[in-house]
Amino acid sequence: MRYREPVFRPPSEANSYLLPVTDGCSHNECTYCAMYITKKFSVRPLDDVLQDIEQAAHLMPETRRVFLLDGDAMTLSAAKLVPILEALRRSFPELQRVSSYANAISVNNKSHEDLVRLRELGLTLGYIGLESGDEIVNDRIVKGATIDEQVEAVQRAQAAGIKMSVMVLLGMGGRARSREHAIATGEVLSRMDPRYVSCLCVTPVPGTPLFDQVEDGSFEMVSPEETLEELRLLVEHLEVSGAVFRSNHASNYLPLGGRLPVDKAKLLAAIAAAQAGDIPLKPESLRGL
Ligand code: SF4
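Each residue of the sequence shown is one higher than the one before, counting from 0 in numbering that gives the first Met the number 0.
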């Protein structure tokens, strides 16, 4: 197996075979993201990818889940993804799902027929980082796609049968746009209507523009209490038809999990209890990236 470090994957892909089909991120400009700043984006040669699959099939033939690396495997055209997905199906008889990070432009560049073909070949889950539903925040963090384009991407992928998991970042609007960020993010998630919603907390990482903005005072971080209020506003404005909701990433102050819409009242009650001091927030020392 040939990996170029660093390698990132969503927490829910902890047991997946990680298959590099690209290196780095084709966008690589989001102001808060340090994941691929040391990697120049490139597409791996198909022969190398197919050799890796063959080797993995010998080492772990029972593989059920595969995650395509790196930051945006969906940037590959359907014509390039199809032989990879076909090889995975041939090589792993017990394969249940293939997933990848997916940025909005990469999804929207594909036709409905292409997306359906990819889903039929096993690509059934995509992870997209919305981060904020607020258009002003979205511009400031240089997300590389408008809010409407991101909504369209999630809707189009799901119309093709690809389930979408959407990540958002509490605190991404800073103190200046905390309330607007939280409400707009809940509303945009409602328009997207994804199958999974994950709330993380923004964490400035050295080497990123966001870190510099915090250092020079142009971006003011929200407090743990303000983060909780953002979570409350977001959940209050969240109306989805059926999604798993999580705020249990290591960066969160209040780990929550539930199914929406049925658990919405329970989630709001837990947030209210935390705001009243009845549930302790995770200490800073136990938070992580
Ligand atoms: S957040 Fe995603 S799209 Fe933005 S730079 Fe990082 S990997 Fe690329």
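Cβ coordinates follow ideal geometry from the N, Cα and C atoms, glycine included.
Being a predicted model, the structure only gives us computed values, none of them experimental.
May I ask you to report which of helix, strand or coil DSSP gives residue i?
i	result
D51	helix
V221	coil
T21	strand
F40	coil
V261	coil
By how many angstroms is the C-alpha of residue j removed from the C-alpha of residue i?
i	j	result
V81	N14	23 angstroms
G257	D46	42 angstroms
Y100	N27	13 angstroms
E219	G128	22 angstroms
V150	S110	16 angstroms
T145	S250	26 angstroms
E12	I270	27 angstroms
P44	G216	44 angstroms
I36	T207	8 angstroms
Q289	R139	Residue 289 lies beyond the residue range present for the chain, which begins at 0 and ends at 288; the question has no answer from this structure.
M166	L199	7 angstroms
E283	S222	11 angstroms
I182	L267	14 angstroms
P260	I278	23 angstroms
T62	Y252	34 angstroms
Taking 6 angstroms as the limit between beta carbons, can you name the residues of its chain near residue i, skipping five residues before and five after?
i	result
R118	A159, G160 and I161
D22	R3, K38, S41 and D69
S98	F66 and L124
Among the options, which residue has its Cα nearest to the Cα of residue i?
i	options	result
L87	V141, L17, A33 and L232	L17
E225	D113, A273 and V42	A273
N247	N27, H180, V196 and L232	V196
V65	L232, V42, R43 and S90	S90
Q157	V115, V187 and L94	V115
L209	H57, T37, G172 and V20	G172
P254	F244, P260 and V261	F244
R190	K265, L199, L120 and M163	M163
M34	R8, E214, A275 and H57	R8
Y31	P205, P60 and Y126	P205
T184	R63, P203, R194 and E238	E238
E228	A152, D113, R178 and P5	R178
S240	G132, D262, L230 and Y252	D262
L168	P193, G132, R155 and V153	G132
For residue i, report the span of its beta strand (DSSP E) as first-last.
i	result
M166	K162 to L169
I127	L122 to E130
L199	Y195 to C200
V65	R64 to L68
In chain order, what residues of the same chain have a beta carbon less than 8 angstroms from the beta carbon of residue i, not counting five sequence neighbours either side?
i	result
E148	A103, I104 and N107
S25	F40, G70, D71, T74, N102 and S105
What first and last residue would you give for the alpha helix (DSSP H) that runs through residue i?
i	result
R3	That residue, R3, is in no alpha helix (DSSP H); it is neither H nor E in DSSP.
A242	Note, A242: premise wrong, no alpha helix (DSSP H); beta strand (DSSP E) at A242 to R245.
G185	S177 to M191
S90	A77 to S90
S105	A103 to N107
L94	Unbroken run through L94: none, as it is neither H nor E.
R139	E134 to R139
A158	I146 to A158
V115	H111 to E119
E12	That residue, E12, is in no alpha helix (DSSP H); it is neither H nor E in DSSP.
Enumerate in chain order the residues of its own chain whose CB-to-CB distance from residue i is below 7 angstroms, with the five nearest sequence positions on each side excluded.
i	result
V136	M171, G172, R176 and H180
K142	C29 and E130
A77	K109, D113, R116 and L117
V20	R43, V48, L67, L68, A72, L75 and I83
Q212	F218
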